[in-house]
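Chains as they are written, first to last, in my numbering: chain A, 35 to 485; chain B, 35 to 485. We put the CB at the ideal spot given by N, CA and C, even for glycine.
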C-alpha cells in the first residue's frame, strides 16, 4: 500500500459527516476490486470506485466504507503468501492512522449490516455481487433500490460542489494535463503515427506517477468524436485533435482538448474555423457564472459558433433562428461540456440524477440530446467547456437544410474536426480556467507545435 | 475498427481447423467486452480474450467465434449513434475480407447453438453471463463443464506449440521489450522515483502503438516479487529491478526482467550476487532443450544458484543435498519460469491443465510450489527463464536452517533482490533467446545505465 499519498483526514471526515447526515440511514460503499485484463491474476491497475475514493481518499482493493454510528473501513486481511509477492502489508493500525478512521477485518462487516443499509451499485458486476451477498438483496446498476436514492442524493449534494481538498486535486490534474499537451504539441511531425504523439503525452503523466482519466483521443480524424484508433499517419496538412486528461494519484481528473496543425501552421480555412470555435469557447466561458443555468452556457457557445459560421458563409440566415432551430447542430452535435471531478464525467454512474437538476430532464433536440449537464452553476462546481466544429460524413449525408451552404463548405474541406476544451472552476467572482496554461490561441499553438 | 493490423488469414484458418478437429464438437468462443474503469462508458482499452484472439486474430468487442460446420464470427451490429461517436463502422463484408471468414449479425447466433456447444469461461463475469444466456447453462471459471474440457485440451494442444505466425508476434514483442529496457536503463538516475523509469520504458512501447502485457514492476525493492508500487525514490546505492514486457497490437506478450544499479556501477556484493544469478540463468537456458522436462530446467538454475551461494559462503554444505532439500528456496522462492504467448502466463485461465502435462501435478515443496510449468519441452514452445535471488524479510525471519550463514549474509545487505529474465523459444536445434538484444552482462549493463 502506497501510504505516501497525502490524505486530508479532516476534509474526508467532513465529507463523511455531511453524506451521513443527508443520507439519514447507514450506508455501505465498496472500493471494488482489480479487473482482469486477460486471466484473473493479470489485472488492470487498481482504481477505487469514485464514491469510496471521495469519502476515504485511498485506493484500498476489496475494502468497504460503512457509514453508520461508528464509521469505519472494513478491509480484507492479508493472505499468508502476500508478504512474498506483495511485500509486508501495512498493518490495520497504520492504515487507520493514515486514513484517520478505524480499519477492521472484513469478516466483522456482515453483522453490522441490515436491510435498510443503503448502497450504490458500481459498474463492475463482481463488486455488485459482493454487495448483494452482504446486503441480502439485488444490487445492480439497472436497479437502484429506493433505499439507495437518499444515499445517491447525499453524495451528489457533496460531490457537486468541490471542497478545498477536491480543488487541490483538480488543480494537480490540470497542471499535469498542461504538461501532457505541451509535450504532445512538441512531439508532432508529419510522418509519425498518432500513437507517437499519444505516447509523448501520456509519458508526461506517467513520469509524475499518474495515468489518464479516460482513454486518450489523439487523431487526425477529429470528426470521429470518440476516435479510439491511434494508428493514423499524420500528414502535413492535417489538424491533429488531442483529447487527453490526467488522473492524479488521488483520482482527480483533467479533461482537455486542443487541436493543432501537424505542420505547425494553420492554413487559411483551418485558421478561420479555429477562430470560430475559439470564439464560441470564449463566449461559453464568459457565460459560465454562478447562478447561470448550464444549458445557457451551451447556448452561448452555440450562438457564437453560429455567428462565426454565418460570417464564413457556411450557414445562411438569422443567428437567433439558426440557434433556435438547431441548425448549428449539424456541425456541433454534442453538448458543450459536463461535470468533472473524480470521474471525468463526474458521477455519470448515477445517470442524469447527477447531471440534471431536479425537475429538469434531457431534451431530445439534436442540439441538446447529448448535453450531460443542466443545473444552475454554483461556486465550487467544476465543468468542462468544449465546443467544436466537425464535418461528420454520416451526419451531413442526412442534411438537406438549405441554410447550410454545401458549396461554401467545400472551401473548408481541410477541417474535419476542431474541438477546444478546458476545465473551469466556478467561483464566487465568476470562474477560473484551471487549464489556462495550455497554448490555445493560434499564435500560442503555432509557437509550440513541432518543438 | 483498426483494420491496418496485419492478419495472417491462412495461419488463422489452419488454427481453427486444428482446434475444431481436436475438439470434435461445436465450440463458441467470446471476444469479451471493454471493462469499466470508473462508470460504464469509461473503459479500459479493449483487449480480446486470448482464445478468441488466437483463432480470429483481431480485437472485436462483443463478437463471438462459432466453430461448427460453417465457422463464422458473429458480431454486434453498429448502433445508429456509432457513426457520430466512433466513425463509420467497417462493414461486415469488409470485416470478412480482412478476417478471412464470414461475419454475421449477432442475432443469428443463438439459433445455431445447442446444449453440446463447448465454450471456455473468460475471467470477466459479464461475458460469462452472456455465454450462459446463449448456451442456457452456467458458465463460470470455477465450473468448467465436462463438455468444455475437449475444447480446453484442443486449444492447449494448439497454443502450446507456436506456429510461424505466433513466432512473428513473439519476436515483435521481444523487439519492443528490448527498446523499453534500454530506455529504462538510460533514464535511471538517483533522485528520481521509480515511476519516472517506468514512464520511459512504457513510452517506448506506446510510441510503437503497443501497451504492456502485464502491470510493470519497476522497483528498488526487488525482494517484493510483484511490487505494484512505483513511488519509491531511487538512491545511489540501490539496485533497480524492472520486470516489463510489451504487448503487441496483435496481443503477443514479452516478459523480461533486468536488474541494474542506479549509479551505473555494481558495487562488490551486488556484482557477486548478480554473477551468481546470471550463471543460474545461463545454466537454465542451456538446459532448455527439446525433450527436457521443464522442472529440470528449474533444477539446473537451482543447482547453479546453490553453487554460487556456496562459493560466496552464504550457503554451507554439499550442493546436491542443498538442492534436494530445498535450501536454496529461502533465496529463490519462485519457479524458474512459465509459458509465454498471447498471455504472459500463457493459458493461465485454464489453470495447471495448460502448464502441467497430463499425469503431472504441482508439488507442495517450497522450491516448486510456485512452478507454473512442468512439461517436456518441444520445438515451438516459448518459455521464460527467470531465476532470482531475494532477501525477503518475512521468509528469512522463519529460516532457522544452520546451512544458511546469517553472519555472512550481512555482507550482502545491499542486495535486496535480483532477477534476470528472458523469453526463450525452443527450437529443433536447442533454443533461441528472443530477448537477447537486451544488455545483460555486468559490462553491458554498466555501459548503458544513466545515458
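Are residue 66/B and residue 81/B touching if we call contact CB-CB under 9 Å?
Going by beta carbons, residue 66/B and residue 81/B fall inside the 9 Å limit.
Can you list the beta strand (DSSP E) stretches of 3 or more residues lying completely in the region 413-470 of chain A, in chain order?
416-419, 422-424, 451-453, 456-460 and 465-467
Exposed or buried, which one is residue 412/A when buried takes at least 16 other CB atoms within 10 Å?
Counting C-beta atoms within 10 angstroms of its own C-beta, residue 412/A has fewer than 16 neighbours from the protein chains shown and is therefore classed as exposed.
How is residue 286/B classed by DSSP in three states: helix, strand or coil?
Here DSSP, grouped into helix, strand and coil, assigns residue 286/B to coil.
So what's residue 230/A in DSSP terms, helix, strand or just coil?
helix
7 Å CB neighbourhood of residue 378/A in its chain, flanking five on each side removed:
247, 248, 279, 287 and 289
Taking 9 Å as the threshold (beta carbon to beta carbon), is residue 401/A in contact with chain B?
no
Counting only Cβ pairs nearer than 8 Å, list the residues of chain B close to residue 377/A.
72, 73 and 76
With distance defined between alpha-carbon atoms, name the residue in 352/B, 456/B and 415/B nearest to residue 208/B.
When each option's Cα is compared against that of residue 208/B, the closest is 456/B.
Nearest chain B C-beta to residue 529/A closer than 9 Å, yes or no?
This structure gives no information on residue 529/A, because the portion of chain A shown stretches from 35 to 485.
Using 9 Å as the limit for Cβ to Cβ distance, is residue 382/A near chain B?
yes
With 9 Å as the threshold, decide whether the Cβ of residue 150/B is near any Cβ in chain A.
Closer than 9 Å: no.
Answer with yes or no whether the minimum CB distance from residue 219/A to chain B is below 9 Å.
Residue 219/A does not count as touching chain B.
Note the first and the last residue of the continuous beta strand (DSSP E) segment covering residue 64/B.
61-64
Segments assigned alpha helix (DSSP H), at least 4 residues, entirely inside the region 373-407 of chain A:
386-389
Taking only beta carbons into account, state which residues of the region 151-171 of chain B come closer than 7 Å to chain A, listed in chain order.
157, 158, 159 and 160
Can you check whether the C-beta of residue 261/B is within less than 9 Å of a C-beta belonging to chain A?
With 9 Å as the cut-off, residue 261/B counts as an interface residue toward chain A.
Establish whether the CB of residue 236/B and some CB of chain A are separated by less than 9 Å.
yes
Just the Cα atoms here: how many angstroms apart are residue 276/A and residue 460/A?
25 Å
Going by DSSP, name the residue or residues bridged to residue 245/B.
281/B
To the nearest angstrom, how far is it from the Cα of residue 341/A to the Cα of residue 353/A?
6 Å
Could you give the distance in angstroms between the alpha-carbon of residue 199/A and the alpha-carbon of residue 120/B?
Between residue 199/A and residue 120/B, the C-alpha separation is close to 36 Å.
Could you check what DSSP says for residue 276/B in three-state terms: helix, strand or coil?
strand
Out of 371/A, 400/A and 244/A, point me to the one whose CA is closest to residue 406/A's CA.
371/A
Is there a Cβ from chain A that is less than 9 Å from the Cβ of residue 80/B?
yes
Alpha carbon to alpha carbon, what distance is there between residue 324/B and residue 260/B?
30 Å
Rank 356/B, 170/B and 269/B by C-alpha distance to the C-alpha of residue 400/B and give the top, closest one.
Relative to residue 400/B, the option among 356/B, 170/B and 269/B whose CA is nearest is 356/B.
Spatial neighbours of residue 465/B within its chain, please: CB distance less than 6 Å, with the 5 preceding and 5 following residues excluded, ordered by chain position.
The residues are 322 and 458.
Assign residue 38/B to buried or exposed, taking buried as 16 or more other Cβ atoms, counted over all protein chains shown, within 10 Å of its Cβ.
exposed
Residue 108/B bridges to which residues according to DSSP?
98/B and 138/B
Could you check if residue 170/A is buried or exposed, using at least 16 other CB atoms within 10 Å of its CB as the buried criterion?
exposed
State yes or no: is the beta carbon of residue 38/A nearer than 9 Å to at least one beta carbon in chain B?
yes
In this structure, how does DSSP classify residue 224/A when only helix, strand and coil are distinguished?
coil
Mind pulling the alpha helix (DSSP H) runs of 4 or more residues that sit fully within the region 295-365 of chain B?
302-321, 328-345 and 353-358
Could you tell me which chain A residues have their CB closer than 8 Å to the CB of residue 248/B, listed as they occur along the chain?
71 and 76
Alpha carbon to alpha carbon, how far is residue 363/B from residue 338/B?
Going from the Cα of residue 363/B to the Cα of residue 338/B covers about 13 Å.
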